[in-house]
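Following: one structure in structure tokens, then a few remarks.
Residue numbers (the numbering used here): 95 to 144.
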């Protein structure tokens, strides 16, 4: 498993965390799972647009 440290705006972080909590709950690991899903989706969309 890899580790990536990134900086995002406070607004983006708050929106993402609130959305994850609303949709997936507060169990341990859900934030990482949601971010993993979001990163894969973004990369797949970018690859399709080439």
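Even for Gly, the Cβ is constructed at its ideal location relative to N, Cα and C.
Note that the structure is predicted; figures quoted are calculated from it, not measured.
For residue j and residue i, the rounded distance between their alpha carbons
i, j, result
"residue 127", "residue 134", "11 angstroms"
"residue 143", "residue 116", "31 angstroms"
"residue 132", "residue 119", "17 angstroms"
"residue 108", "residue 114", "10 angstroms"
"residue 97", "residue 141", "22 angstroms"
Neighbour flag for residue i against chain B, beta carbons, 9 angstroms
i, result
"residue 137", "Absent from the structure is chain B; it holds one protein chain and no more."
Assigned exposure category for residue i - 16 Cβ within 10 Å defines buried
i, result
"residue 100", "exposed"
"residue 102", "exposed"
Nearest-angstrom Cβ-Cβ length linking residue i and residue j, presumed shorter than 8 angstroms
i, j, result
"residue 125", "residue 111", "7 angstroms"
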